[in-house]
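Here the structure comes first, spelled out in structure tokens, and everything after it is commentary.
2 protein chains.
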Amino acid sequence: MIDASLPVAMFDSGVGGLTVLHECLVALPQEDYLYLGDTAMFPYGERDPAELRRRIALIVAKLLERGAKLLVIACNTATAIGEEVAREVAAKYGVEVVPVVAPQAEIAAAITDNGRVGVLATTNTVESGAYRRALEAEGRGLDVIEVAAPRLAPFIQEGSLFDEETMAMARGYCAPLRKAGVDTLILGCTHFPLVAPMLQRILGRNVRLVSGGHAVAAAIQRTLEGSGLAREGDDEGTYEFFCTGPVSSFGDVATRFLQMPLGEVRQVEFTVPA
Amino acid sequence: MIDASLPVAMFDSGVGGLTVLHECLVALPQEDYLYLGDTAMFPYGERDPAELRRRIALIVAKLLERGAKLLVIACNTATAIGEEVAREVAAKYGVEVVPVVAPQAEIAAAITDNGRVGVLATTNTVESGAYRRALEAEGRGLDVIEVAAPRLAPFIQEGSLFDEETMAMARGYCAPLRKAGVDTLILGCTHFPLVAPMLQRILGRNVRLVSGGHAVAAAIQRTLEGSGLAREGDDEGTYEFFCTGPVSSFGDVATRFLQMPLGEVRQVEFTVPA
Numbered sequence: 154m155i156d157a158s159l160p161v162a163m164f165d166s167g168v169g170g171l172t173v174l175h176e177c178l179v180a181l182p183q184e185d186y187l188y189l190g191d192t193a194m195f196p197y198g199e200r201d202p203a204e205l206r207r208r209i210a211l212i213v214a215k216l217l218e219r220g221a222k223l224l225v226i227a228c229n230t231a232t233a234i235g236e237e238v239a240r241e242v243a244a245k246y247g248v249e250v251v252p253v254v255a256p257q258a259e260i261a262a263a264i265t266d267n268g269r270v271g272v273l274a275t276t277n278t279v280e281s282g283a284y285r286r287a288l289e290a291e292g293r294g295l296d297v298i299e300v301a302a303p304r305l306a307p308f309i310q311e312g313s314l315f316d317e318e319t320m321a322m323a324r325g326y327c328a329p330l331r332k333a334g335v336d337t338l339i340l341g342c343t344h345f346p347l348v349a350p351m352l353q354r355i356l357g358r359n360v361r362l363v364s365g366g367h368a369v370a371a372a373i374q375r376t377l378e379g380s381g382l383a384r385e386g387d388d389e390g391t392y393e394f395f396c397t398g399p400v401s402s403f404g405d406v407a408t409r410f411l412q413m414p415l416g417e418v419r420q421v422e423f424t425v426p427a
Numbered sequence: 154m155i156d157a158s159l160p161v162a163m164f165d166s167g168v169g170g171l172t173v174l175h176e177c178l179v180a181l182p183q184e185d186y187l188y189l190g191d192t193a194m195f196p197y198g199e200r201d202p203a204e205l206r207r208r209i210a211l212i213v214a215k216l217l218e219r220g221a222k223l224l225v226i227a228c229n230t231a232t233a234i235g236e237e238v239a240r241e242v243a244a245k246y247g248v249e250v251v252p253v254v255a256p257q258a259e260i261a262a263a264i265t266d267n268g269r270v271g272v273l274a275t276t277n278t279v280e281s282g283a284y285r286r287a288l289e290a291e292g293r294g295l296d297v298i299e300v301a302a303p304r305l306a307p308f309i310q311e312g313s314l315f316d317e318e319t320m321a322m323a324r325g326y327c328a329p330l331r332k333a334g335v336d337t338l339i340l341g342c343t344h345f346p347l348v349a350p351m352l353q354r355i356l357g358r359n360v361r362l363v364s365g366g367h368a369v370a371a372a373i374q375r376t377l378e379g380s381g382l383a384r385e386g387d388d389e390g391t392y393e394f395f396c397t398g399p400v401s402s403f404g405d406v407a408t409r410f411l412q413m414p415l416g417e418v419r420q421v422e423f424t425v426p427a
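Take a look at the structure:
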């Protein structure tokens with residue numbers, strides 16, 4: 154039985170989804186949250202799509218078996234590749250799904266002045282064409298410039314130091330966006346808002362960065378209220394963290410980025426069906 | 154001779170002023186910057202005001218002797234306690250000064266809906282009354298709720314991990330602001346934007362945080378353009394970092410927060426006149 158007392162479940166390949174969780178904790182602090190970082194499979198961005206879909210189906214089932222009232226795909230690659238399978242599995246549990254791609258595309262289409270919108274994402278997300286379709290569906294005849302940035306999420310996930318090589322990598326990814334004159338850039342991976350200062354500096358102040366977190370938190374609120382599952386009251390909810398890879402590296406990077414203690418992070422093991 | 158080719162000089166007690174430098178690098182990337190973190194004297198927030206004024210006079214003189222076209226006080230405590238002495242010294246070199254308090258007060262007064270504005274700052278800044286005066290000067294009859302947060306800048310400067318004790322400290326500082334129902338909070342120390350996510354979570358989405366960086370970068374641009382000292386062209390400027398305490402801890406924390414390599418950070422030693 155799905156009721157308002159259950160937690161909101163969300164997953165990502167690693168710490169990127171914490172940028173979504175953060176916005177949820179700001180906007181909907183009274184809810185309980187369950188967060189899974191599938192760090193054993195990180196990065197999703199370069200994995201075989203069929204393998205990823207099997208993995209996503211398994212994760213969704215495991216999370217919803219624990220009990221959750223909503224499933225948030227806090228990962229752009231998982232949304233681009235596996236939104237459909239996630240919805241199929243969640244439907245068996247009677248649970249709705251909130252993805253990350255569509256809410257961002259809507260905002261970007263609304264705020265661009267010159268109609269040139271960039272998308273910085275993983276290889277899988279770019280190749281899926283999910284953002285291009287979502288932006289074209291807005292019907293504004295937008296120019297969409299997509300750039301695959303395969304090395305950026307791993308850099309963030311590892312908590313590496315910013316050095317000259319990092320800057321050269323980031324400048325390289327931004328060069329075609331600058332050349333195309335985009336005035337709006339979708340950060341099409343939930344990891345990327347964590348390096349928004351670096352990207353903003355490279356792109357300059359005339360480019361607006363669109364992160365997913367805020368839009369997704371709003372979509373979560375609408376969905377919960379629409380289905381009568383929002384929790385009432387002023388009490389602060391709880392949160393639980395799980396990851397599939399080593400606990401310590403996840404905990405360190407996550408604590409720094411989320412700026413709060415995580416409590417005990419528990420490791421869970423999944424066997425991916427062949 | 155002051156000309157457009159000279160760098161913009163700025164100083165802070167530590168890494169906090171980097172939040173101002175970051176906005177400058179986004180808005181005015183063609184300028185050269187000279188940044189001094191007076192880490193040997195950190196934290197300014199609890200120092201004797203007379204001692205601080207002597208220190209500030211010395212720093213301003215040393216920076217301007219190296220050659221600079223503008224002096225930015227990228228520290229709220231130094232602005233609150235020493236703006237006047239900084240202006241006196243800078244005037245001898247024919248250099249204008251941009252402080253951090255006034256530009257923020259202007260923004261906060263403009264955006265508050267309910268007229269209740271909070272100020273989170275160091276003990277020295279609160280006791281100086283600088284924000285209260287600046288907010289009252291806006292003539293909107295604002296309620297000003299000031300909270301001294303002496304432990305927050307040291308926590309940030311040390312690059313410490315977020316744990317339960319950190320959260321309790323931050324919740325304690327935020328409690329009187331929540332109770333007073335402020336809808337706008339001035340982050341009255343340049344260190345504090347670095348923990349904006351934590352503060353935003355504690356205060357909730359209905360409180361708007363006002364950082365100094367953006368307003369100060371705009372003030373710097375206006376001042377440079379007004380005096381014909383803005384640098385033309387698209388070339389990216391250079392930056393140099395100095396600190397008065399140990400180099401390594403400054404470099405590590407600064408690199409992480411600024412999200413860029415600093416190059417060689419040089420240690421300079423000052424003898425404070427008695």
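For the record, the sequence lines run as chains A and B.
Start counting the first sequence at 154; every next residue gets the next number (my numbering).
Start counting the second sequence at 154; every next residue gets the next number (my numbering).
Just so you know, even glycine gets a beta-carbon here, dropped at the ideal spot from N, CA and C.
Practice task
Would you kindly work out how many angstroms separate the C-alpha atoms of residue 177(B) and residue 203(A), rounded to a whole number?
Solution key: 46 Å
Practice task
Pick helix, strand or coil for residue 339(B), following the three-state DSSP scheme.
Solution key: strand
Problem - In chain order, each alpha helix (DSSP H) run of at least 4 residues that lies wholly inside the stretch 257-284 of chain B - result: 276-281
Exercise for the section: Please state if the CB of residue 395(B) and the CB of residue 421(B) are separated by a distance shorter than 9 Å. Expected result: yes
Practice task
Answer with buried or exposed for residue 343(B), where buried requires no fewer than 16 other C-beta atoms within 10 angstroms of its C-beta.
Solution key: buried
Handout entry: Rounded distance between the beta-carbons of residue 158(B) and residue 196(B), thought under 8 Å
Key = So it is not a contact: roughly 35 Å between Cβ atoms.
Exercise for the section: Please list the segments of the alpha helix (DSSP H) lying wholly inside the stretch 161-240 of chain B, counting only runs of 4 or more residues, in order along the chain. Expected result: 171-180 and 202-219
Handout entry: Distance between beta carbons of residue 284(A) and residue 300(A), contact taken as under 8 Å
Key = In fact, because the Cβ distance is near 11 Å, the residues do not count as touching under 8 Å.
Problem - Three-state secondary structure assigned by DSSP to residue 242(B) - result: helix
Practice task
Would you mind stating whether residue 175(A) and residue 303(B) have Cβ atoms separated by less than 9 Å?
Solution key: no
Exercise for the section: Kindly say whether residue 175(A), judged by its beta-carbon, lies nearer than 9 Å to any beta-carbon of chain B. Expected result: yes
Practice task
Quick one: which residues of the stretch 317-341 of chain B get their C-beta closer than 7 Å to a C-beta of chain A? List them in chain order.
Solution key: 317 and 320
Exercise for the section: Could you give the DSSP three-state label for residue 421(A): helix, strand or coil? Expected result: coil
Handout entry: Three or more C-beta pairs below 8 Å linking the stretch 247-257 of chain B and the stretch 223-233 of chain B
Key = yes
Exercise for the section: Could you tell me which residues DSSP puts in a beta bridge with residue 396(A)? Expected result: 190(A) and 420(A)
Handout entry: Within chain A, partners of residue 163(B) - CB distance below 7 Å
Key = Under the 7 Å cutoff, chain A gives no residues; its nearest Cβ is about 16 Å from residue 163(B).
Handout entry: Beta carbon of residue 402(B) nearer than 9 Å to that of residue 341(B)
Key = no
Handout entry: DSSP-derived helix/strand/coil call for residue 306(B)
Key = helix
Handout entry: Own chain residues within Cβ distance below 6 Å of residue 409(B), not counting five before or after
Key = none
Practice task
For residue 249(A), write down the residues that DSSP places opposite it in a beta bridge.
Solution key: 223(A)
Practice task
Taking only the alpha-carbon atoms, compute the straight-line gap between residue 376(A) and residue 162(A) and give it to the nearest angstrom.
Solution key: 14 Å
Problem - residue 385(A) versus 183(A), 164(A), 172(A) and 179(A), residue with shortest Cα-Cα distance - result: 183(A)
Exercise for the section: Verify the CB distance criterion: does residue 409(B) have a CB-CB separation below 9 Å to chain A? Expected result: yes
Exercise for the section: Could you name each continuous beta strand (DSSP E) segment of 3 residues or more that falls completely within the stretch 309-338 of chain B, going from the start of the chain to the end? Expected result: none
Exercise for the section: Check residue 369(A) in the structure and name its three-state DSSP category. Expected result: helix
Exercise for the section: Check whether the Cβ atoms of residue 317(A) and residue 414(B) sit closer than 9 Å, and answer yes or no. Expected result: yes
Handout entry: Under 8 Å from the C-beta of residue 357(B): neighbouring residues of chain A
Key = 179 and 182
Exercise for the section: Could you spell out where the alpha helix (DSSP H) holding residue 361(A) opens and where it closes? Expected result: Taken as a continuous stretch (DSSP letters only), residue 361(A) belongs to no alpha helix (DSSP H), being part of the beta strand (DSSP E) at 361-363.
Exercise for the section: Grab me the residues of residue 427(A)'s own chain with a C-beta within less than 7 Å of its C-beta, minus the 5 sequence neighbours each way, in chain order. Expected result: For residue 427(A), the predicted structure reports a pLDDT of 43, less than 50, and the residue's modelled location is therefore unreliable. A value from the coordinates is still provided. Around residue 427(A): no qualifying Cβ.
Exercise for the section: Pull up the DSSP beta-bridge partners for residue 299(A), would you. Expected result: 272(A)
Practice task
Could you check the C-alpha separation between residue 291(B) and residue 269(A) for me, to the nearest Å?
Solution key: 40 Å
Practice task
Flag residue 354(A) as yes if its beta-carbon sits less than 9 Å from any beta-carbon of chain B, otherwise no.
Solution key: yes
Problem - Collapsed DSSP secondary structure at residue 350(A) in the structure displayed - result: helix
Exercise for the section: For residue 160(A), decide whether its Cβ has a neighbour in chain B, counting only Cβ atoms nearer than 9 Å. Expected result: no
Problem - 9 Å Cβ cutoff, residue 369(B) in contact with chain A - result: no
Handout entry: Beta carbon proximity, residue 348(A) to chain B, threshold 9 Å
Key = yes
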